[in-house]
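*Asks:* Numbers 1229 to 1892, taken from my numbering, label the letters of the sequence shown in order. Don't be surprised by glycine CBs; every beta carbon is placed ideally from N, CA and C. First, the structure itself, so that you have it in front of you.
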Amino acid sequence: MYLLFTLLASFAAFAQVGDDLFYVSGIDMGVDLHSIIRLEKTSKRSAVEKVTAELMYYPADTWRQNSRIVTTLPPAEFTGDSYKFSWDDVEEDSLYYKLSAEVESFNRYRPVTMKTDFPIPEVEPELEEYLQITEKIDIDEDIIELASSLAEGEDDLFSVVFNLAQWTNSEIEYDLNTFTAQASQKASWVLDNRQGVCDEITNLFIAMCRSLGIPAKFVSGISYTNSDLFDEDWGLHGWAEVYFPGTGWVPYDVTYGEFGYIDAGHIKFKDSVDSDKSATKFTWKSYDTDLVAEKLEIDVSVKKVGAHLPENIDAQVSFLNTDVMFGSHNLIEVHIRNLKSQYITTELVLTYPREITILNQDRKQIFLRPKEEKTLYFIVKVADGLNPDYIYTFPTAITTSFNSTFVGSFNAKSTGAGFSYDKIMQLYDQKKDEETKVYSKNIDVVCDFEKKVLVGNSIRFECILKNTGNVNLKDLQACLEEKCTGIDALLISQSSLLEFVYSFDSLGIKPVSLSIRSDDIAHTDIFEIEVIDQPKLVLSEIIHPDAVKYDEPFDISFDLGKESVASPKDITIEFTFNQNLYNWFLDELNSKKTFRLELEGGQIYNIENEFRILITYSDGSGNSFTEEEKFSILMDNPTTIERIKMFLNKLGQRLERFLEKNIV
1229 MYLLFTLLAS FAAFAQVGDD LFYVSGIDMG VDLHSIIRLE KTSKRSAVEK
1279 VTAELMYYPA DTWRQNSRIV TTLPPAEFTG DSYKFSWDDV EEDSLYYKLS
1329 AEVESFNRYR PVTMKTDFPI PEVEPELEEY LQITEKIDID EDIIELASSL
1379 AEGEDDLFSV VFNLAQWTNS EIEYDLNTFT AQASQKASWV LDNRQGVCDE
1429 ITNLFIAMCR SLGIPAKFVS GISYTNSDLF DEDWGLHGWA EVYFPGTGWV
1479 PYDVTYGEFG YIDAGHIKFK DSVDSDKSAT KFTWKSYDTD LVAEKLEIDV
1529 SVKKVGAHLP ENIDAQVSFL NTDVMFGSHN LIEVHIRNLK SQYITTELVL
1579 TYPREITILN QDRKQIFLRP KEEKTLYFIV KVADGLNPDY IYTFPTAITT
1629 SFNSTFVGSF NAKSTGAGFS YDKIMQLYDQ KKDEETKVYS KNIDVVCDFE
1679 KKVLVGNSIR FECILKNTGN VNLKDLQACL EEKCTGIDAL LISQSSLLEF
1729 VYSFDSLGIK PVSLSIRSDD IAHTDIFEIE VIDQPKLVLS EIIHPDAVKY
1779 DEPFDISFDL GKESVASPKD ITIEFTFNQN LYNWFLDELN SKKTFRLELE
1829 GGQIYNIENE FRILITYSDG SGNSFTEEEK FSILMDNPTT IERIKMFLNK
1879 LGQRLERFLE KNIV
């Protein structure tokens, strides 16, 4: 019986109404920024001649957003980088100010289409300030050492920046504790404490970029969030922009895991060299009066939402084995293809049923070069102790950063291929090695072997290797598990015959791996062999009386079972005593069965009577086997009359047999 297990989270639930803002082409919205200034008089002579509030934070007009300031209350003066609100001869205890804007944001890429060399050969003079150490974006020896280790061996700038962003995203915990929320910390503090909020996490990322000679700036703005950590959906936020020669400034929101792009829910206010910049600046001319500025409030009203973004990648979900046994490990293979002619990053999240345990990680950030293909692997383990009467079908899904979902499934049952942890890790390493070798796909392997073998017996593998590429392959090593042989050369379009002899010392479906290795290739195939034993019937629990009375009924019963994994077939059971015969026939025996006969004392005619159970069966391949058991039952103190009856019964059966043989 099949049992289909649905995922813990329904695939349809991934695209909820609010979440859609992350995946749309654009958002039209109204943005209001407002606050209150409190004027606290300290004496009866208090007087306020003038108050000004300069608002440096407001929606900017950029390549990915169109902004229009609609109103300011009270009317404000635009100074070039701020809106200045002014009040003269103030008599009120509080002053309210507000800026309203209409914003149209777009989920646009500033695409990196070609490889950019790393290290950057030369930084333009106007970008030098974005390499500097600042108060919050400090650079100490630990930051330099970490950034250098993440960049070591790389010559592609996009790859380096991705490594820095990925490390920061995964290793620095987002933590809204009082200390970091109220006072922004330096990059070095964030690295030491491995925690921070958005601006602090961004500080560390920018510091690592700058330590490697990569220009990076801090961006202040607002963003949409659906996190339970926040009471409001929109709030102040900080992210980074990194400079790519020949492309320009490319956004990176390390906190959100958006590398090389940001979603349409990000509204930029301003960028700066350092993160420690105030949103507002206040001045006042007064006598015996203190000024207290309340928090800047932000209200966002979404008016229109664009279409769902098309997917940037295509993915296929497959498995090392589509049928495994309970308790086995398995390898989920996700093959990804970049559909764009530009660098793409995405987070892949694996969703799976509760009966499966993920052993490495259930989410991975990756980047793909233009049109590049990659394969990622997730190691899973199926639970033990599932119902052996069912075959479980486990769906697994991969969801991308753009909310596209790709689904596959594999089966688990009580009997199937079993992969231990050590075996699956060996195959995992082989698969990863295969991805890095240039000519791995240029080997074609076809093997011939028996699919079933008796435990302890040997099986012969005959495999033909063919070079299907345009490069001569040399110094290959072919291994069937631990049995290896060398091939000096495999020339273009040529084939080579490999022969292996292998035996198995335990029962079950055994996965066997054949690996072909050289400096240029890594190729692995998995074969399944069913290791079986000879069928073995067991006759047990023979229950019978030791003696019976002539005129009394009696019962005889016995059990028939198996002590082998293989099931006996074509079973014939013959039960005989004196000249009586009872028989049964079974096509196959998979579980214990009980046989029972109800007899009369008058059916036996000797003082001591022999009973015989003869069983014949086969393995289904032409081999036959027999089992036999005998026992005796006595006639208990028969009377003279009973003895005469027993003699007549015996005589009558002999006469009956004579007539059967001589009368046609």
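(1) For Thr1844, which beta-bridge partners are listed by DSSP?
(2) What residue from Ile1749, Glu1758, Phe1638, Ala1717 has the CA that sits closest to Lys1679's CA?
(3) If I follow the unbroken alpha helix (DSSP H) through Gln1658, where does it start and stop?
(4) If you follow the beta strand (DSSP E) that Phe1250 is part of, which residue opens it and which one closes it?
(5) Please classify Arg1824 as buried or exposed, where buried requires at least 16 other C-beta atoms within 10 Å of its C-beta.
(6) By the DSSP assignment, the alpha helix (DSSP H) with Glu1369 in it spans what residues?
(7) Does the Cβ of Phe1250 have 16 or more other Cβ atoms within 10 Å, making it buried, or fewer, making it exposed?
(8) When we look at the beta-carbon of Val1666 and count the other beta-carbons within 10 Å, is it buried (16 or more) or exposed?
(9) Just the Cα atoms here: how many angstroms apart are Ser1271 and Glu1320?
(10) With Ile1626 as the anchor, note down where its beta strand (DSSP E) starts and where it stops.
(11) Taking one C-beta from the segment 1719-1730 and one from the segment 1678-1697 each time, how about it: are there three or more such pairs within less than 8 Å?
(12) At which residues does the beta strand (DSSP E) containing Gln1360 begin and terminate?
(13) Helix, strand or coil for Asn1877? Go by DSSP, reduced to three states.
(14) Compute the beta-carbon to beta-carbon distance between Glu1826 and Asp1783, rounded to the nearest angstrom, for a pair I have assumed lies under 8 Å.
(15) Find the nearest neighbour of Asn1837 within the set Ala1775, Glu1857, Thr1800, judged by alpha-carbon distance.
(16) Restricting to Cα atoms, I'd like to know which of Leu1701, Gly1714, Gly1466 is closest to Ile1720.
(17) From this set, Val1418, Glu1373, Pro1473, Ser1377, which residue's C-alpha is nearest Lys1343's C-alpha?
(18) Where are the beta strand (DSSP E) runs, 3 residues long or more, that stay fully inside the segment 1478-1566, in chain order?
(19) So which of Phe1606, Arg1582, Thr1628, Glu1583 has the shortest CA-CA distance to Ile1572?
(20) Taking the alpha helix (DSSP H) that Asp1427 belongs to, which residues open and close that run?
(21) Give the secondary structure of Ile1869 by DSSP, where H, G and I count as helix, E and B as strand, and everything else as coil.
(22) Any contact between the segment 1274-1282 and the segment 1311-1319? By contact I mean 3 or more CB pairs, one from each, below 8 Å.
(23) Look at the alpha carbon of Gly1636 and the alpha carbon of Pro1538, and state the distance between them as a whole number of angstroms.
(24) Would Phe1622 and Pro1581 be called neighbours here (beta carbons separated by less than 8 Å)?
(25) Of all the CB atoms in chain D, is at least one closer than 8 Å to the CB of Gly1829?
(26) Does the distance from the CB of Val1673 to the CB of Leu1655 come in under 8 Å?
(27) Within 10 angstroms of the Cβ of Gln1293, are there 16 or more other Cβ atoms? Answer buried if so, exposed if not.
(28) For Gln1413, does the count of other Cβ atoms within 10 angstroms reach 16, so buried, or fall short, so exposed?
(29) Check this for me: beta carbons of Ile1754 and Pro1739, under 8 Å apart or not?
(30) For Asp1368 and Leu1385, I'd like the C-alpha separation in whole angstroms.
(31) Compute the distance between the beta-carbons of Val1683 and Leu1718, then report whether it is under 8 Å.
(32) Under 8 Å: do the segment 1806-1821 and the segment 1856-1863 share three or more Cβ pairs, one atom per stretch?
(33) Using the Cβ count rule (16 or more neighbours within 10 Å means buried), how would you classify Gln1570?
(34) Just verifying my parser: in three-state terms, what is the DSSP assignment at Leu1587?
(35) Across the segment 1510-1527 and the segment 1473-1492, are there enough close Cβ pairs to call them in contact, namely three or more that are closer than 8 Å?
(36) Kindly list the residues whose CB is nearer than 8 Å to the CB of Lys1531, restricted to its own chain and excluding five residues on each side of it in sequence; keep chain order.
*Replies:* Concretely, from the data shown:
(1) Thr1800, Thr1854
(2) Glu1758
(3) 1649-1664
(4) No beta strand (DSSP E) holds Phe1250; DSSP gives it neither H nor E.
(5) exposed
(6) 1369-1379
(7) buried
(8) exposed
(9) 15 Å
(10) 1619-1627
(11) yes
(12) No beta strand (DSSP E) contains Gln1360, which DSSP labels as neither H nor E.
(13) helix
(14) 6 Å
(15) Ala1775
(16) Leu1701
(17) Pro1473
(18) 1494-1500, 1508-1515, 1517-1521, 1525-1533, 1541-1547, 1551-1553, 1557-1566
(19) Thr1628
(20) 1426-1439
(21) helix
(22) yes
(23) 21 Å
(24) yes
(25) Going by chain labels, chain D is absent from the structure shown, which holds only one protein chain.
(26) no
(27) buried
(28) buried
(29) yes
(30) 22 Å
(31) no
(32) no
(33) buried
(34) coil
(35) no
(36) Asp1256, Met1257, Gly1258
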